[in-house]
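K.L.:
Number of protein chains: 2
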Amino acid sequence: MPKKAESTPQPPVIVLVRPQLGENIGKAARAMLNFGLTELRLVAPRDGWPNPDAGPSAAGADIVIEQAKVFDTTADAVADCAHVYATTVRRRNDTKPVVSPEEAAAEIHSAAGRSALLFGAERSGLDIQDVSLARKILTVPINPEFSSLNLAQAVILCAYEWSKFETLEQPTVTDQLPPAPQEELEGLITHFERLLEPKSYFFPEDRAEATRRTLRNVLTSPGWNALEVRTLRGVLTHLSRGDRQR
Amino acid sequence: MPKKAESTPQPPVIVLVRPQLGENIGKAARAMLNFGLTELRLVAPRDGWPNPDAGPSAAGADIVIEQAKVFDTTADAVADCAHVYATTVRRRNDTKPVVSPEEAAAEIHSAAGRSALLFGAERSGLDIQDVSLARKILTVPINPEFSSLNLAQAVILCAYEWSKFETLEQPTVTDQLPPAPQEELEGLITHFERLLEPKSYFFPEDRAEATRRTLRNVLTSPGWNALEVRTLRGVLTHLSRGDRQR
Chain A
560 MPKKAESTPQ PPVIVLVRPQ LGENIGKAAR AMLNFGLTEL RLVAPRDGWP
610 NPDAGPSAAG ADIVIEQAKV FDTTADAVAD CAHVYATTVR RRNDTKPVVS
660 PEEAAAEIHS AAGRSALLFG AERSGLDIQD VSLARKILTV PINPEFSSLN
710 LAQAVILCAY EWSKFETLEQ PTVTDQLPPA PQEELEGLIT HFERLLEPKS
760 YFFPEDRAEA TRRTLRNVLT SPGWNALEVR TLRGVLTHLS RGDRQR
Chain B
560 MPKKAESTPQ PPVIVLVRPQ LGENIGKAAR AMLNFGLTEL RLVAPRDGWP
610 NPDAGPSAAG ADIVIEQAKV FDTTADAVAD CAHVYATTVR RRNDTKPVVS
660 PEEAAAEIHS AAGRSALLFG AERSGLDIQD VSLARKILTV PINPEFSSLN
710 LAQAVILCAY EWSKFETLEQ PTVTDQLPPA PQEELEGLIT HFERLLEPKS
760 YFFPEDRAEA TRRTLRNVLT SPGWNALEVR TLRGVLTHLS RGDRQR
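As you go down the protein sequences, you meet chains A and B in turn.
Each residue of the first sequence is one higher than the one before, counting from 560 in the working numbering.
Each residue of the second sequence is one higher than the one before, counting from 560 in the working numbering.
#1: Please confirm if A:Trp783 has its CB atom under 8 Å from at least one CB of chain B.
#2: Under the DSSP definition of a beta bridge, which residues are partnered with B:Gly607?
#3: Kindly list the residues whose CB is nearer than 7 Å to the CB of A:Gln579, restricted to its own chain and excluding five residues on each side of it in sequence; keep chain order.
#4: With distances taken Cα to Cα, identify the nearest neighbour of A:Thr647 among A:Val690, A:Val629 and A:Ala634.
#5: Would you tell me roughly how many angstroms separate the C-alpha atoms of A:Met591 and A:Gln688, rounded to the nearest one?
#6: Determine the chain B residues that contact A:Asp802 at a beta-carbon separation under 8 Å, and present them in chain order.
#7: With 16 other CB atoms within 10 Å as the buried threshold, where does B:Leu708 fall?
#8: Check whether the Cβ of B:Thr646 lies closer than 8 Å to any Cβ atom in chain A.
#9: Evaluate contact between the region 619 to 635 of chain A and the region 736 to 747 of chain A, counting only Cβ atoms and requiring at least three cross-stretch pairs below 8 Å.
#10: Quick one: is A:His668 near chain B, going by C-beta distance under 8 Å?
#11: Suppose the cutoff is 8 Å on Cβ atoms and the five residues either side in sequence are ignored; what does the same chain contact list for A:Ala718 look like?
#12: Output needed in chain order: residues of the region 586 to 619 of chain A with a Cβ under 8 Å from some Cβ in chain B.
#13: Restricting to runs no shorter than 4 residues, where is the alpha helix (DSSP H) found entirely within the region 676 to 737 of chain B?
#14: Could you give the DSSP three-state label for A:Arg800: helix, strand or coil?
#15: Is it the case that the region 789 to 805 of chain A contacts the region 758 to 766 of chain B, given that we only count it when at least three CB pairs across the two stretches are under 8 Å?
#16: Would you mind reading off the limits of the alpha helix (DSSP H) that contains B:Val777?
#17: Under DSSP, the beta strand (DSSP E) around A:Ala664 begins and ends at which residues?
#18: Provide the residue(s) that pair with B:Leu599 in DSSP beta bridges, ordered along the chain.
#19: Helix, strand or coil, according to DSSP, for B:Met560 in the structure here?
#20: Please report whether the beta-carbon of A:His797 lies at a distance below 8 Å from any beta-carbon of chain B.
#21: Please confirm if A:Glu745 has its CB atom under 8 Å from at least one CB of chain B.
#22: Once the 5 residues before and after B:Val714 are set aside, which same chain residues still bring their CB inside 7 Å of it?
#23: Pick from B:Leu736, B:Glu661, B:Ser674 and B:Pro660: whose alpha carbon is nearest that of B:Pro570?
#24: At 8 Å on the CB atoms, spell out the chain B contacts of A:Ser780, in chain order.
#25: Beta-carbon of B:Ser707 versus every beta-carbon of chain A: anything under 8 Å?
#26: From B:Leu599, B:Val637, B:Asn610 and B:Ala627, pick the residue whose C-alpha is nearest to that of B:Ala739; which is it?
#27: If you run the structure through DSSP and keep just helix, strand and coil, what is B:Gly629?
#28: Within 8 Å of any Cβ in chain A, is that where the Cβ of B:Gln712 sits?
#29: So that I know if they touch, is there some Cβ in chain A lying closer than 8 Å to that of B:Pro570?
#30: Roughly how many angstroms lie between the CA atoms of B:Gln712 and A:Ser780, to the nearest whole one?
#31: What are the residues that DSSP puts in a beta bridge with A:Asn784?
#32: Around the C-beta of A:Gln741, are 16 or more other C-beta atoms found within 10 angstroms, so that it is buried, or is it exposed?
#33: Suppose you measure from the CA of A:Val699 to the CA of A:Ser683; what does that come to, to the nearest Å?
#34: From B:Thr770 to B:Pro611, what does the alpha carbon distance come to, in whole angstroms?
#35: Report the neighbours of A:Leu697 on chain B: residues whose CB is nearer than 9 Å to its CB, in chain order.
#36: To the nearest whole angstrom, what separates the beta carbons of A:Lys655 and A:Arg694, a pair I think is in contact under 8 Å?
This is the structure:
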């Protein structure tokens with residue numbers, strides 16, 4: 560039983576290392592919950608914890624804030640984690656493997672054991688000690704000429720990629736109706752032709768066939784559903800009437 | 560030469576519809592530039608434009624702020640765009656196709672013609688009129704129990720997905736003509752409406768708006784190219800003529 564639980568992939572833990580502003584912790588919590596992550600760990604938050612600035616910017620992600628755990632060191636925060644990723648925006652000259660948010664998400668989903676994503680302080684990022692705890696570097700592939708990604712945005716991109724794998728199995732259910740049966744489409748095309756015939760639309764005679772084909776293509780390509788075909792039949796019926804109050 | 564330019568995929572335009580806070584416009588600009596997008600359009604920003612609050616939160620994405628263009632209506636803002644996506648967080652009961660940020664990014668990369676992503680105001684989102692301009696709905700697959708995604712975060716997820724494709728292979732350029740620019744589509748819709756008006760199609764009065772929207776949706780979904788739109792304009796012109804030899 561415990562073995563099974565342990566081998567089931569679990570959502571990653573988000574670890575904010577020495578975060579400065581409570582507001583940013585709140586925003587990170589909100590970003591996490593947007594994509595279904597709830598486990599937040601804080602390493603030595605500058606202004607202590609709890610921080611009254613975190614709640615408002617969490618915008619309702621209270622559960623994440625309330626359950627956040629505080630640790631003195633990054634090593635303590637990831638002690639129970641099997642897979643630690645150090646996120647960085649810029650590429651470092653590092654010997655560790657570098658993965659994208661997408662690759663990390665795929666790994667987390669196929670891995671047994673807990674995963675942790677480390678995010679550094681707002682300005683300084685992760686220091687070399689923090690990075691040394693990680694087996695891999697997670698780098699967001701960003702515009703090299705403008706790479707000031709804020710903390711919550713880095714978190715949301717990682718959470719988003721994780722959630723994509725989470726929902727992959729779910730078939731996309733669409734509300735869309737299928738295209739109308741061909742005979743209904745034919746009815747529409749015939750309706751058009753019947754109205755256009757007396758209006759000299761298919762003249763000259765030697766172009767008539769090509770003109771019909773063009774019209775058919777224009778009406779076939781949309782793949783209208785039965786309701787849409789019915790709407791257009793109604794349009795045609797109205798167009799063929801005399802104006803009102805004439 | 561112009562033909563080639565037209566068939567090369569271009570980065571999408573980000574359109575913020577009736578944004579409220581300058582701060583959020585700045586954050587959206589920053590999110591865009593993080594992933595290489597630079598073309599921002601604003602529809603009727605609540606506090607006018609330029610807005611002194613935008614610059615600081617853009618955090619250096621000045622080029623995006625400075626080049627932002629302002630429009631009175633959403634229709635004006637997307638007039639030159641062939642592919643318009645209306646972004647929403649929650650699923651709507653809508654008949655338009657729904658795509659994820661990833662699917663939209665893939666489409667934008669393989670499509671010819673400009674693409675626009677519409678983002679609604681902070682609280683209210685896009686209204687039904689804005690959505691009716693779009694051929695597709697772009698929905699971020701978010702935690703259904705906590706879906707308060709802020710504007711800049713919605714923008715960054717879309718920009719991020721776009722940039723992922725940008726760094727993959729060179730985009731495949733298709734021979735297909737792109738959908739007609741939005742203003743040509745508007746011309747077609749207006750043409751239909753003008754002809755239908757005197758035929759009592761939009762009666763009773765209290766259903767008129769919904770009827771117009773239905774018609775607009777039926778005519779928007781196909782993504783007809785300029786030639787197809789021209790064909791249909793010709794069809795309408797003929798239908799409005801008297802029968803020959805009468």
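In this text, a Cβ means the ideal position worked out from N, Cα and C, and glycines have one as well.
Here the structure is a predicted model, which means the values were calculated and not measured.
P.N.:
This is what the structure holds:
#1: Taking the first sequence and counting its residues from 1, one reaches residue 783 of chain A at position 224. At a cut-off of 8 Å, the C-beta of A:Trp783 has a neighbouring C-beta in chain B.
#2: Counting from one through the second sequence, the residue named residue 607 of chain B turns up at place 48. Per DSSP, none; premise fails for B:Gly607.
#3: Position 20 of the first sequence holds residue 579 of chain A. Correct list, in chain order: Arg605, Ala680 and Glu681.
#4: Taking the first sequence and counting its residues from 1, one reaches residue 647 of chain A at position 88. Considering only alpha carbons, the answer is A:Val690.
#5: Counting from 1 along the first sequence, the entry for residue 591 of chain A is found at position 32. Counting from 1 along the first sequence, the entry for residue 688 of chain A is found at position 129. Cα-Cα distance, rounded: 25 Å.
#6: Translated into positions along the first sequence, residue 802 of chain A becomes position 243. Neighbours of A:Asp802 on chain B, chain order: Pro757 and Lys758.
#7: Here residue 708 of chain B refers to the residue found at position 149 of the second sequence. Buried, since its Cβ has 16 or more Cβ neighbours within 10 Å.
#8: Here the question's residue 646 of chain B lines up with position 87 in the second sequence. It does not: the Cβ of B:Thr646 has no partner Cβ on chain A nearer than 8 Å.
#9: no
#10: One-based indexing of the first sequence puts residue 668 of chain A at position 109. Taking Cβ atoms only, chain B never reaches closer than 8 Å to A:His668, which makes this a no.
#11: Position 159 of the first sequence, counted from the start, is the residue given in the question as residue 718 of chain A. So the list reads Ile573, Ala590, Met591, Asn593, Phe594, Gly595 and Leu596, once near-sequence residues are dropped.
#12: Residues Arg589, Ala590, Leu592, Asn593, Phe594, Gly595, Ala618 and Gly619.
#13: Those alpha helix (DSSP H) runs which fall completely within the region 676 to 737 of chain B and span 4+ residues are 687 to 691 and 710 to 725.
#14: On the first sequence, residue 800 of chain A is found 241 positions in, with the first residue counted as 1. In this structure, A:Arg800 counts as coil in the three-state DSSP scheme.
#15: yes
#16: In the second sequence, residue 777 of chain B corresponds to position 218, counting from 1. Start and end: Ala767 to Thr779.
#17: Taking the first residue of the first sequence as 1, we reach residue 664 of chain A at position 105. Premise fails: A:Ala664 lies in the alpha helix (DSSP H), Pro660 to Ser669, not in any beta strand (DSSP E).
#18: For this step, residue 599 of chain B is matched to residue 40 along the second sequence. Beta-bridge pairing links B:Leu599 to B:Ile573.
#19: Looking up residue 560 of chain B in the second sequence gives position 1. Low confidence applies to B:Met560: its pLDDT is 32, below 50, so where it sits in the model is not reliable, and the reading given next is rough at best. Collapsing the DSSP output to three states places B:Met560 in coil.
#20: Within the first sequence, residue 797 of chain A is the residue found at index 238, counting from 1. Yes, A:His797 counts as interfacial toward chain B.
#21: The residue labelled residue 745 of chain A in the question sits at position 186 within the first sequence. Contact of A:Glu745 with chain B is not assigned, every C-beta pair being separated by 8 Å or more.
#22: What you label residue 714 of chain B is simply residue 155 of the second sequence in a count that begins at 1. Ile573, Ala587, Ala590, Met591 and Phe678.
#23: Here residue 570 of chain B refers to the residue found at position 11 when the second sequence is read from its first residue. Looking at the Cα atoms, B:Ser674 is the closest of the given residues.
#24: On the first sequence, residue 780 of chain A is found 221 positions in, with the first residue counted as 1. The answer, in chain order, is Pro781, Trp783 and Glu787.
#25: Within the second sequence, residue 707 of chain B is the residue found at index 148, counting from 1. Yes, B:Ser707 counts as interfacial toward chain A.
#26: Translated into the one-based positions of the second sequence, residue 739 of chain B becomes position 180. Considering only alpha carbons, the answer is B:Val637.
#27: The residue given as residue 629 of chain B occupies position 70 in the second sequence. First, the residue type needs correcting, since residue 629 of chain B is Val and not Gly in the sequence shown. In the structure shown, B:Val629 sits in a strand (DSSP, three-state: E or B).
#28: Residue mapping note: residue 712 of chain B aligns to position 153 of the second sequence, counting from 1. Chain A contact via Cβ: present.
#29: Position 11 of the second sequence holds residue 570 of chain B. False, the Cβ-Cβ gap to chain A never drops below 8 Å.
#30: Position 153 of the second sequence, counting from 1, holds the residue named residue 712 of chain B. Position 221 of the first sequence, counting from 1, holds the residue named residue 780 of chain A. Cα to Cα, B:Gln712 sits roughly 36 Å from A:Ser780.
#31: As a first step, residue 784 of chain A is located in the first sequence; it is residue number 225 there, counting from the start. Bridge partners of A:Asn784: A:Pro738.
#32: Residue mapping note: residue 741 of chain A aligns to position 182 of the first sequence, counting from 1. Counting Cβ neighbours within 10 Å, A:Gln741 comes out exposed, since fewer than 16 surround it.
#33: As a first step, residue 699 of chain A must be located in the first sequence, where it is residue number 140. As a first step, residue 683 of chain A must be located in the first sequence, where it is residue number 124. Each residue's alpha carbon lies about 16 Å from the other.
#34: For the purposes of this step, residue 770 of chain B is taken as the residue at position 211 of the second sequence. For the purposes of this step, residue 611 of chain B is taken as the residue at position 52 of the second sequence. Looking at the two C-alpha atoms, the distance is approximately 42 Å.
#35: For the purposes of this step, residue 697 of chain A is taken as the residue at position 138 of the first sequence. Going along chain B, no residue has its Cβ under 9 Å from A:Leu697, so there is no contact; the nearest lies around 14 Å.
#36: Along the first sequence, one-based indexing puts residue 655 of chain A at 96. Along the first sequence, one-based indexing puts residue 694 of chain A at 135. Sure, about 7 Å apart at Cβ, within 8 Å.
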